[in-house]
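K.L.:
Last residue of the sequence shown: 747 in our numbering, with the numbers rising by one and none dropped.
Glycine included, C-beta positions come from ideal geometry on N, C-alpha and C.
Computed from a prediction, not measured in an experiment: that's the story for all the values here.
My questions will all concern the structure given below.
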Amino acid sequence: MLSILGPLWTSPGLRACSVAIFFFGFAGAATAPYQSVVAIRELGLSDAAFSAVTLLAAMLNVVASIILGVLADRDSGYRKLLMWLAACGMVGFGAIFLIRTPWAFVLAVLVPLSVYGGLYSLLFAAGRVFSQHLPRTEQASVSSALRGLISVAWILVPGLVGLALSRSDTLLPAYLIAGLAALAVLVVIRFLMPRGGGGDATTRPPRMSILAAFGLLLRLPIALRVLAAALVTATLHVNSAVMPLIVTGQAGGVPGDVGVIVGLVAAIEVAFILVWARVLKTLSIVAALGIGVGLYVVYLLWLAHAQSPASVLAASCIGGIGAAAIIPLPLGYLQELISDRPGLSSSLLSINMFLAGALAAGLFALGTSIGHYPTVALMGAAAGALGGLGLLALEGFRLRPAV
């Protein structure tokens with residue numbers, strides 16, 4: 345495992361990316377669990393308005409990520425652009441905390457915070473640039489390890505923020521905490537990230553227009569792979585929606601059981617993300633991902649038939665191992681699809697997240713219309729199996745990593 349974590353610390357560029365990604369995850373983990381409560385109960389948005397704002401923000405984030413990826417691949421590099429994005433986060437989180445009105449929330453989420461979300465894909469793009477000296481198998485392992493840092497933030501931060509605000513009349517200080525985390529990202533990039541973060545200018549591909557970039561992303565070989573990866577990632581969204589409902593429904597559990605299960609799975613994920621990163625030295629990404637998806641399909645099938653919280657807890661041990669593959673491995677896979685353009689290829693991460701959320705929402709709506717929550721879990725398992733097999737087929741069932 346030290347061989348995986350070593351480059352993150354010994355390389356100045358990767359070290360800066362690691363710390364910045366952790367603080368980016370910190371900001372998200374401080375606010376995302378409470379965003380609906382703040383928007384609807386504290387600021388007075390309607391359910392429909394909040395849903396519309398959330399959907400529009402996700403769409404804007406995808407567009408922003410593609411445009412930012414194209415800009416990052418040009419000769420300006422990453423460092424300056426990353427600092428501007430971190431500043432957008434400070435402005436957005438700060439506006440929500442200070443102004444405290446519905447319109448301030450809506451405008452902040454739609455403009456600065458939608459742009460700030462592009463920091464996610466660009467930090468991974470910068471990580472890919474700073475790991476170009478490593479073998480290809482190790483580059484994928486680095487991407488997995490970097491993604492693990494966001495999981496660490498999600499284990500630590502929500503509970504700490506909830507505890508800190510437990511006696512407060514408002515959850516809005518969570519946005520102050522997130523703004524400070526965005527400031528930390530800016531400071532890390534400014535003082536720790538080496539200059540020239542755009543890579544060797546002599547090896548960059550020709551400049552590409554924004555329109556040409558959209559055309560490249562829509563090419564059938566890329567679009568099919570992105571769709572298959574989104575089907576795989578959608579299984580995580582399906583589980584997030586139905587697991588608490590099944591635990592507190594047919595399994596006869598209480599909300600506290602959900603917390604125990606989520607905590608257990610998060611701990612398993614963090615440990616096994618590093619294990620899967622190690623596996624990439626002997627298996628191709630799609631082969632490793634196929635195994636992970638297989639485990640998660642078993643988990644979802646088990647979840648659909650669970651009759652007690654203990655049964656869900658046992659299934660979650662398998663699900664956590666599978667999720668530890670599904671969370672990070674698509675990152676490295678998608679980044680390889682347009683490997684000569686790290687910024688544009690990393691925008692596929694945002695597209696993957698958006699499509700996965702949309703597919704999961706569709707599965708939830710369809711599943712609950714023809715059955716109940718276990719039906720949704722079964723449909724999620726089928727979607728994951730289809731996505732995993734699709735990726736294997738598209739890559740010719742290649743089991744060994746590319747040299």
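Compute the Euclidean distance between the alpha carbons of Arg359 and Leu478, then round it to the nearest angstrom.
P.N.:
In the sequence shown, residue 359 corresponds to position 15, counting from 1. In the sequence shown, residue 478 corresponds to position 134, counting from 1. Answer to the nearest angstrom: the Cα atoms are 15 Å apart.
K.L.:
Can the beta-carbon of Gly687 be found less than 8 Å from the beta-carbon of Val406?
P.N.:
Residue numbering aside, residue 687 sits at position 343 when the sequence shown is read from its first letter. Residue numbering aside, residue 406 sits at position 62 when the sequence shown is read from its first letter. Going by C-beta atoms, Gly687 is not nearer than 8 Å to Val406.
K.L.:
Does Glu386 come out as helix, strand or coil in the three-state DSSP assignment?
P.N.:
As a first step, residue 386 must be located in the sequence shown, where it is residue number 42. Reduced to three states, the DSSP call for Glu386 is helix.
K.L.:
Decide if the segment 568-588 is in contact with the segment 691-709; the criterion is three or more beta carbon pairs, one per stretch, under 8 Å apart.
P.N.:
Enough Cβ pairs lie closer than 8 Å, so yes.
K.L.:
Taking the alpha helix (DSSP H) that Arg534 belongs to, which residues open and close that run?
P.N.:
Within the sequence shown, residue 534 is the residue found at index 190, counting from 1. Pro517 to Leu536 is the extent of the alpha helix (DSSP H) around Arg534.
K.L.:
Mapping the DSSP letters down to three states, classify Leu426 as helix, strand or coil.
P.N.:
Start at 1 with the first residue of the sequence shown, and residue 426 comes out as number 82. Note: Leu426 maps to helix in three-state DSSP.
K.L.:
Is the distance from the Cβ of Ala526 to the Cβ of Ile410 below 8 Å?
P.N.:
Here residue 526 is taken as the residue at index 182 of the sequence shown, counted from 1. Here residue 410 is taken as the residue at index 66 of the sequence shown, counted from 1. No, these two residues do not count as a Cβ contact at 8 Å.
K.L.:
What's the gap between the Cα of Tyr422 and the Cα of Leu399?
P.N.:
Taking the sequence shown and counting its residues from 1, the one referred to as residue 422 is at position 78. Taking the sequence shown and counting its residues from 1, the one referred to as residue 399 is at position 55. Approximately 28 Å between the Cα atoms of the pair.
K.L.:
I need the straight-line Cα distance from Gly388 to Leu710, nearest angstrom please.
P.N.:
Within the sequence shown, the letter at position 44 stands for residue 388. Within the sequence shown, the letter at position 366 stands for residue 710. Roughly 30 Å between the two C-alpha positions.
K.L.:
Do Leu530 and Ser362 come within 8 Å of each other at the CB atom, strictly closer than that value?
P.N.:
For the purposes of this step, residue 362 is identified with residue 18 of the sequence shown, where counting begins at 1. For the purposes of this step, residue 530 is identified with residue 186 of the sequence shown, where counting begins at 1. In this structure, Leu530 does not lie closer than 8 Å to Ser362 by Cβ.
K.L.:
Are the segment 488-508 and the segment 711-720 touching by the rule of at least three beta carbon pairs closer than 8 Å?
P.N.:
No, the segment 488-508 is not in contact with the segment 711-720.
K.L.:
Under the three-state reduction of DSSP, which class applies to Ala705: helix, strand or coil?
P.N.:
Locating residue 705 in the sequence shown gives position 361, where the first residue counts as 1. It is helical.
K.L.:
Under the assumption that Asp736 contacts Gly593 (Cβ atoms under 8 Å), give the Cβ distance between them as a whole number of angstroms.
P.N.:
Mapped onto the sequence shown, residue 736 falls at position 392. Mapped onto the sequence shown, residue 593 falls at position 249. This sequence places Leu at residue 736; Asp is not what is there. That belief does not hold up - the Cβ atoms of Leu736 and Gly593 are roughly 34 Å apart, past 8 Å.
K.L.:
Might you give, ordered along the chain, the residues of its own chain that have their beta carbon closer than 8 Å to the beta carbon of Glu739, omitting 5 neighbours on each side?
P.N.:
The residue you call residue 739 lines up with position 395 of the sequence shown. Excluding residues within five positions, the ones whose Cβ falls inside 8 Å are Ser628 and Val630.
K.L.:
Is Ile384 near the ligand ADP, judged by its Cβ being under 7 Å from some heavy atom?
P.N.:
Questions concerning the ligand ADP fall outside what the structure shown contains, since it holds no ligand whatsoever.
K.L.:
Following the continuous alpha helix (DSSP H) through Glu799, name the residue where it begins and the one where it ends.
P.N.:
The question about residue 799 has no answer, for the chain in this structure spans 345 to 747.
K.L.:
Among the candidates Ile612, Ala431 and Leu608, whose CA atom is the shortest distance from the CA of Pro456?
P.N.:
Here the question's residue 456 lines up with position 112 in the sequence shown. Ranking Ile612, Ala431 and Leu608 by Cα distance to Pro456 puts Ala431 first.
K.L.:
Let's see if you can read the secondary structure: which residues bound the alpha helix (DSSP H) around Ser553?
P.N.:
Translated into the one-based positions of the sequence shown, residue 553 becomes position 209. No alpha helix (DSSP H) contains Ser553, which DSSP labels as neither H nor E.
K.L.:
If you scan the segment 436-485 from start to end, which runs of the alpha helix (DSSP H) of 4 or more residues do you find wholly inside it?
P.N.:
With a minimum length of 4 residues, the continuous alpha helix (DSSP H) runs that stay inside the segment 436-485 are 446-454, 456-460 and 462-474.
K.L.:
Going residue by residue through the segment 611-685, where are the continuous alpha helix (DSSP H) segments of at least 4 residues, counting only ones entirely within it?
P.N.:
Within the segment 611-685, the complete alpha helix (DSSP H) runs of at least 4 residues are 629-648, 653-670 and 673-681.
K.L.:
Measuring alpha carbon to alpha carbon, tell me which residue in Phe370, Leu568 and Pro517 is nearest Leu493.
P.N.:
The residue you call residue 493 lines up with position 149 of the sequence shown. Per the Cα distances, Phe370.
K.L.:
Near Leu515, what residues of its chain come up, given a Cβ to Cβ distance below 8 Å and the 5 sequence neighbours on each side ignored?
P.N.:
For the purposes of this step, residue 515 is identified with residue 171 of the sequence shown, where counting begins at 1. Same-chain partners within the cutoff: Tyr378, Val381, Val382, Glu386 and Leu509.
K.L.:
If you count every other CB in all the chains shown that lies within 10 Å of the CB of Ala396, and 16 or more means buried, which is it?
P.N.:
Here residue 396 refers to the residue found at position 52 of the sequence shown. Looking at its Cβ environment, which holds fewer than 16 other Cβ atoms inside 10 Å, Ala396 is exposed.
K.L.:
Of all the options Lys625, Leu536 and Leu657, which has the alpha carbon lying nearest to the alpha carbon of Asp601?
P.N.:
Numbered from 1 along the sequence shown, position 257 holds the residue referred to as residue 601. That would be Leu657, whose Cα lies nearest to the Cα of Asp601.
K.L.:
The alpha helix (DSSP H) with Pro745 in it runs from where to where?
P.N.:
Numbered from its first residue, the sequence shown carries residue 745 at position 401. Where Pro745 is concerned, there is no enclosing alpha helix (DSSP H), given that its DSSP letter is neither H nor E.
K.L.:
Using the Cα positions of Leu624 and Leu639, report the straight-line distance between them to the nearest angstrom.
P.N.:
Indexing the sequence shown from 1 puts residue 624 at position 280. Indexing the sequence shown from 1 puts residue 639 at position 295. One C-alpha to the other measures close to 17 Å.
K.L.:
Which class does Ala396 belong to by DSSP, given the choice of helix, strand or coil?
P.N.:
Here residue 396 is taken as the residue at index 52 of the sequence shown, counted from 1. If DSSP states are grouped into helix, strand and coil, Ala396 belongs with the helices.
K.L.:
Only counting the same chain, and skipping five residues up and downstream in sequence, which positions put a Cβ closer than 8 Å to that of Leu759?
P.N.:
Absent from the model: residue 759. The displayed extent of the chain is 345 to 747, so no value can be given.
K.L.:
Count the other CB atoms within 10 Å of the CB of Thr375; is the residue buried (16 or more) or exposed (fewer)?
P.N.:
Locating residue 375 in the sequence shown gives position 31, counting from the first residue. So Thr375 ends up on the buried side.
K.L.:
Out of curiosity, what's the CA-to-CA distance linking Val614 and Ala668?
P.N.:
Counted from its first residue, the sequence shown places residue 614 at position 270. Counted from its first residue, the sequence shown places residue 668 at position 324. Roughly 7 Å separates the two Cα atoms.
K.L.:
Following the continuous alpha helix (DSSP H) through Pro718, name the residue where it begins and the one where it ends.
P.N.:
Reading the sequence shown from its first residue, position 374 is the one you call residue 718. Looking at the DSSP string, the run of the alpha helix (DSSP H) that includes Pro718 is Tyr717 to Leu738.
K.L.:
Rounded to a whole number of angstroms, what is the C-alpha to C-alpha distance between Leu562 and Arg511?
P.N.:
Locating residue 562 in the sequence shown gives position 218, counting from the first residue. Locating residue 511 in the sequence shown gives position 167, counting from the first residue. So the two alpha carbons sit approximately 50 Å from each other.
K.L.:
Quick one: Cα of Leu571 to Cα of Ile695, how far?
P.N.:
Translated into positions along the sequence shown, residue 571 becomes position 227. Translated into positions along the sequence shown, residue 695 becomes position 351. Leu571 and Ile695: Cα-Cα distance of roughly 9 Å.
K.L.:
Nearest-angstrom Cα distance between Ser475 and Leu693?
P.N.:
Numbered from 1 along the sequence shown, position 131 holds the residue referred to as residue 475. Numbered from 1 along the sequence shown, position 349 holds the residue referred to as residue 693. Rounded to whole angstroms, Ser475 to Leu693 spans 18 Å at the Cα level.
K.L.:
With distances taken between CB atoms, is the gap from Val459 to Ala408 smaller than 8 Å?
P.N.:
Here the question's residue 459 lines up with position 115 in the sequence shown. Here the question's residue 408 lines up with position 64 in the sequence shown. Yes, these two residues count as a Cβ contact at 8 Å.
K.L.:
Tell me which residue opens and which closes the alpha helix (DSSP H) that Val285 is part of.
P.N.:
Residue 285 cannot be examined here, being either before or after the span of the chain that is shown, 345 to 747.
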